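Following the numbering used here, the numbering of the sequence shown begins with 92 at its first residue and continues without gaps. This report refers to the structure that appears directly beneath it.
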Amino acid sequence: MSKQLRLGFIGFGEAGFNIAKGLKSAGLTDIFAYDIHTHSPQLGQRIQERAKESETTLVDSSSELARVSAVLFSTVTADQDRNAANQTAPFLESRHIYADLNSVSPAMKQSIEKIITSCGARFVEAAVMAPVPPYGHRVPMLLAGGAAAEFAELMRPYGMQLEVISEDVGAAAATKMFRSIVVKGMEALMLECVLGANQYGADERVLASLAESFPGIDWKRLANYMIGRVVVHGERRAREMEEVADTLRAIGIEPIMATATARRQDWCARLGLASRFDAEGPKDYRDVLQVIAKLTSHNAI
Numbered sequence: 092m093s094k095q096l097r098l099g100f101i102g103f104g105e106a107g108f109n110i111a112k113g114l115k116s117a118g119l120t121d122i123f124a125y126d127i128h129t130h131s132p133q134l135g136q137r138i139q140e141r142a143k144e145s146e147t148t149l150v151d152s153s154s155e156l157a158r159v160s161a162v163l164f165s166t167v168t169a170d171q172d173r174n175a176a177n178q179t180a181p182f183l184e185s186r187h188i189y190a191d192l193n194s195v196s197p198a199m200k201q202s203i204e205k206i207i208t209s210c211g212a213r214f215v216e217a218a219v220m221a222p223v224p225p226y227g228h229r230v231p232m233l234l235a236g237g238a239a240a241e242f243a244e245l246m247r248p249y250g251m252q253l254e255v256i257s258e259d260v261g262a263a264a265a266t267k268m269f270r271s272i273v274v275k276g277m278e279a280l281m282l283e284c285v286l287g288a289n290q291y292g293a294d295e296r297v298l299a300s301l302a303e304s305f306p307g308i309d310w311k312r313l314a315n316y317m318i319g320r321v322v323v324h325g326e327r328r329a330r331e332m333e334e335v336a337d338t339l340r341a342i343g344i345e346p347i348m349a350t351a352t353a354r355r356q357d358w359c360a361r362l363g364l365a366s367r368f369d370a371e372g373p374k375d376y377r378d379v380l381q382v383i384a385k386l387t388s389h390n391a392i
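Right, here's the structure in full:
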C-alpha cells in the first residue's frame, strides 16, 4: 500500500456506501463517487449524508469520476448496469480497472466486459455473496476475469475478502445467480407464508412448527430478517430474479420458481413499503403485515 489507491464508485446506494465506509476505516483515503441521483429530491439528501459519513467525495459526472479514479466499482441496480458501463466507458483508459459488483446474469457480465475492454480498460467480474451490511468492505466476493488477480492484489491489503475463481467472465455471476433462486425464493416464500397465516392468526404457530421440523433455525428471527430485506430491497431483488429467469430460459429451463419469486418481490416493491420505515428497514415482520393490511384489500394480496 505504498502508493495510495484512488477508488471511484459508480452509484452510491447501500452497497457502495457500506463498502466505502469500510475501506475508509481500513486506511483508504481517496474515495470518490458519482450517482445520478445526487441532486434528486427523493434520494439526494441520503446520498449526500452517506458521502459525508463515509468521507467520500461526490463528483458530478462520469468523466470526472474516471479522471480522479484508477479503480472503479460499479454498484448500481441490475437494470442500470449496462447504462452505467456505457456512460463511463468513453472516459476510461488502460490505467483503469472496472469492477462490476452488480447482480446480473453471466451474459450481462460478458456484455459489460466487452464495453469496458473496448476502451482499453481492464474488467473484473465480482459476485457479492452476502448482504453488504453488516460485513461492509469485508463482504465475501467471488472474482472472475483476466484482471481478477490484479484487482485482488490491490484490494486485499484493505481487508477485502476476495476469491478468484476463474479468468472466464460469467463464472462468478453464475454462482451467485443460481444461489439466488434459493435465497430470494425463501424470502418470497416466507413473506407469502406469513401473509396467509396471519389472516387466520396462525403465523406464530406456523413458525413454531417449522422450528420443530427444522431444529437449529430461529424461524421468527429469520422471518423478521428476510421480510425486512424484501421491504428494503424488493425492487432490486425483483429485477435480479427476472435476470435469473431470462438466464434459465436461455439454457432451456423453464423458470417457474424464479418467475414466481420475481412477481412476489415486485409486488412488495410496488406497495412502496420501504418509505414506511427508516433506512434500516423494519425489525419485526408483524409491523410489515400491519402496513400491508392498510395498503391492500385481501383480494389484492
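Virtual Cβ for every residue (Gly too), placed ideally from N, Cα, C. Source: prediction; values computed, not measured.
Per DSSP, what kind of secondary structure is Arg186 in: helix, strand or coil? coil
If you compare alpha carbons, which of Ala365, Ala341, Leu362 and Arg330 is closest to Ala353? Arg330
Under the three-state reduction of DSSP, which class applies to Ile344: helix, strand or coil? coil
Out of Arg270, Leu233, Gly261 and Ala263, which one is the CA nearest neighbour of Leu253? Leu233
Given Gly261 as reference, the closest of Lys385, Ala198 and Ala299 once Cα atoms are compared: It is Ala198 whose Cα lies nearest to the Cα of Gly261.
Per DSSP, what are the beta-bridge partners of Gly99 in this structure? Paired residue(s): Phe123 and Leu163.
Reducing DSSP to helix, strand and coil, say where Glu216 ends up. strand
How would you write the range of the alpha helix (DSSP H) that Gly308 sits in, first residue to last? A small correction: the amino acid at residue 308 is Ile; Gly does not occupy that position in the sequence shown. Here Ile308 belongs to no alpha helix (DSSP H), and DSSP marks it neither H nor E.
Ser160 vs Gln178 beta-carbon contact at 7 Å: no
In the DSSP assignment, find the unbroken beta strand (DSSP E) run with Ser257 in it and report its ends. Leu253 to Ser257
Pick from Lys267, Phe305 and Leu380 that is closest to Asn315, judged by C-alpha positions: Leu380
Between the region 222 to 230 and the region 262 to 275, do three or more beta carbon pairs fall short of 8 Å? These segments do not touch.
Counting pairs of beta carbons, one from the region 357 to 369 and one from the region 284 to 293, are three or more of them closer than 8 Å? Contact between the region 357 to 369 and the region 284 to 293 is absent: fewer than three C-beta pairs spanning the two stretches fall below 8 Å.
Which residue's Cα is closest to the Cα of Thr147: Ser165, Met277, Asn109 and Ser257? Asn109
Environment of Arg327 [buried if 16+ CB atoms lie within 10 Å]: buried
Return the first residue and the last residue of the alpha helix (DSSP H) that Leu282 is part of. Ala262 to Gln290
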